């Protein structure tokens, strides 16, 4: 939540100046171009059925869908082109990695930027 407030506060001068241009995210939305590293030792749980995606955008392919209360190990987070935060995770007990939209996570995901 704190990250979103800071992002919103930073955008206010741009909106006031009238220099913001809205662009639709492309279908691929840079799904494979976001680097990550394991910077975070925290973990969390999904709030609901959640897709683990190949990149930090809803248009990126689903690697796997997990049910509510699935434990995930956090690596780091990024902010996508739409201003949404996503956490790179590993599903506990597996070697399955991917990105989860932070609103699906009980604690809003990692606080370590990728």
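Residue numbers (the UniProt record's numbering): 1 to 114.
Ideal Cβ placement from N, Cα and C applies to all residues, glycine included.
Predicted, not measured: the structure shown is a model, and the values here were computed from it.
- Message: Tell me the rounded alpha-carbon separation between residue 115 and residue 112.
- Response: This structure does not reach residue 115, given that the chain is present from 1 up to 114, and the question cannot be answered.
- Taking C-alpha atoms, which residue in 101, 90 and 104 lies nearest to residue 40? By 1-based counting over the chain shown, the position of residue 40 is 40. Minimum Cα distance to residue 40 is reached at 90.
- Query: Using DSSP with H/G/I as helix, E/B as strand and the rest coil, what is residue 88?
  - Reply: Taking the chain shown and counting its residues from 1, one reaches residue 88 at position 88. Three-state result, residue 88: strand.
- Name the two residues that bound the continuous beta strand (DSSP E) containing residue 99. Mapped onto the chain shown, residue 99 falls at position 99. Element bounds for residue 99: 97-101.
- Query: Can you tell me the Cα-Cα spacing of residue 25 and residue 93, whole angstroms?
  - Reply: For the purposes of this step, residue 25 is identified with residue 25 of the chain shown, where counting begins at 1. For the purposes of this step, residue 93 is identified with residue 93 of the chain shown, where counting begins at 1. Low confidence applies here, because residue 25 scores a pLDDT of 43, under 50, leaving its location unreliable; read the following figure in that light. Answer to the nearest angstrom: the Cα atoms are 33 Å apart.
- Item | Candidates 65, 51, 64 and 77, of which the one nearest residue 43 by Cα | Walking along the chain shown from the start, residue 43 turns up at place 43. Among 65, 51, 64 and 77, the Cα nearest to that of residue 43 is on 77.
- Task: Going by CA-CA distance only, name the one from 114, 110 and 106 that's closest to residue 68.
- Result: What you label residue 68 is simply residue 68 of the chain shown in a count that begins at 1. The shortest C-alpha separation from residue 68 is found at 106.
- Could you pull out every residue in the same chain whose Cβ sits closer than 6 Å to the Cβ of residue 31, ignoring the five residues on either side in sequence? The residue you call residue 31 lines up with position 31 of the chain shown. The residues are 54, 55 and 60.
- Task: Please name the residue in 82, 47 and 99 whose C-alpha comes closest to that of residue 64.
- Result: Within the chain shown, the letter at position 64 stands for residue 64. Closest by alpha carbon: 99.
- Message: For residue 104, tell me which candidate among 83, 70, 97 and 82 has the shortest Cα-Cα distance.
- Response: Within the chain shown, the letter at position 104 stands for residue 104. Answer by Cα proximity: 70.
- Query: What is the rounded straight-line gap between the Cα of residue 74 and the Cα of residue 108?
  - Reply: As a working note, residue 74 is residue 74 in the chain shown. As a working note, residue 108 is residue 108 in the chain shown. Between residue 74 and residue 108, the C-alpha separation is close to 11 Å.
- Task: Consult DSSP for residue 104 and reduce its assignment to one of helix, strand or coil.
- Result: Residue numbering aside, residue 104 sits at position 104 when the chain shown is read from its first letter. Residue state, collapsed to three classes: helix.
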